[in-house]
Amino acid sequence: MNISILGTGNMASGLAVLFAKAGHAVTLGSRKPAEAETVARALGRGIAGTGLADTAGRSDLVVLAVPYSAVADVLATTGDLTGKTVVDITNPMTADFSGLAIGLTTSAAEEIQKAVPAARVVKAFNTVFAQVLHADGKVAGRPATVFVAGDDAGARASVARLAADVGLDPLEVGGLASARYLEPVAGLNIALGYGLGLGTDIAPTWLRAA
Ligand SMILES: NC(=O)c1ccc[n+]([C@@H]2O[C@H](COP(=O)([O-])OP(=O)(O)OC[C@H]3O[C@@H](n4cnc5c(N)ncnc54)[C@H](OP(=O)(O)O)[C@@H]3O)[C@@H](O)[C@H]2O)c1
């Protein structure tokens, strides 16, 4: 699959390597095209880097790997996203990370869907620390859970398949409004990891009997 990732930071690079290792063609996009090329070259594995405006058009699956506060600016550069699966990995934290900037009667994912109504927005990867992605998606040797929410069942299933494909453990959690739960879960993960000293080698999961 061709996958475009908007952003070149910690999450973008971690996802890019996992996707590329599974055989997907990955393009990273930055507002500084030269920076995207440099990051892509350093990551290797055939990953490409270019300007934001040239990124999304290359793929049917586009990952938003920028701060939630930058999403509106970034979406203004992407061109037409009609029919594309847009994966929202953001956590809309306040600037001091003390809480969520939006919720609980909406979510970043739902606000993004409103901004790009013709795209198929899926919330995923937001509860997985970048450091876990860079550790091959594993915590203590076990694949991290990727909660996947989206109103379009086909798009949701394709993102779940992608997560499984790269060795993560997907769990579909229903429609996009479930992002109202997933974003606070990530907030708790951040509080535990940074505020309460558990570190970033942690990931929330859901235990099942079978
Ligand atoms: N880090 C984690 O463990 C983690 C876990 C789950 C979810 N998330 C979410 O993933 C997203 C990315 O996080 P990250 O840790 O990868 O951040 P990061 O390392 O700081 O990277 C952020 C990326 O966004 C770009 N960006 C920032 N402001 C922009 C703007 N106004 N216009 C265009 N591009 C802009 C940056 O580009 P420049 O280099 O040009 O500034 C950079 O490529 C965030 O929404 C975060 O909440 C993070």
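Note that the numbering used here numbers the sequence shown so that position 48 is 312, with each residue one more than the last. Glycine included, C-beta positions come from ideal geometry on N, C-alpha and C. Treat the numbers as computed from the prediction; the structure is a model and nothing was measured.
Quiz item: What's the C-alpha gap between Ser277 and Gly321?
Solution: 19 angstroms
Quiz item: Rounded to the nearest angstrom, how far is the Cβ of Ala255 from that of Val380, given a contact under 8 angstroms?
Solution: In the structure displayed, the chain extends from 265 to 474; residue 255 sits before or after that span and is not available.
Self-check item: Collapsed DSSP secondary structure at Ala312 in the structure displayed
Solution: strand
Exercise. Indicate, with yes or no, if ligand 1 has a heavy atom lying under 7 angstroms from the CB of Tyr458.
Key: no
Quiz item: Helix, strand or coil: how does DSSP classify Lys296 here?
Solution: coil
Self-check item: CB-CB length for Leu270 against Val330, believed under 8 angstroms
Solution: About 6 angstroms separates the beta carbon of Leu270 from that of Val330, a gap short enough to meet the 8 angstroms contact definition.
Quiz item: Alpha carbon to alpha carbon, how far is Pro356 from Thr370?
Solution: 11 angstroms
Practice problem: Could you spell out where the beta strand (DSSP E) holding Ser422 opens and where it closes? | Solution: Where Ser422 is concerned, there is no enclosing beta strand (DSSP E), although the alpha helix (DSSP H) around it starts and stops at 417 to 429.
Exercise. Along the beta strand (DSSP E) that carries Ser268, what are the first and last residues, could you check?
Key: 266 to 270
Quiz prompt | Continuous beta strand (DSSP E) stretch holding Leu435: start and end | solution = 433 to 436
Quiz item: DSSP three-state call for Gly367: helix, strand or coil?
Solution: coil
Quiz prompt | Proximity below 8 angstroms, CB of Pro468 to CB of Gly431 | solution = no
Quiz item: Under a three-way DSSP split, which group does Arg472 fall into?
Solution: coil
Quiz item: My guess is that Leu316 and Thr341 are in contact by the Cβ rule of under 8 angstroms, so how many angstroms apart are they, rounded?
Solution: 4 angstroms
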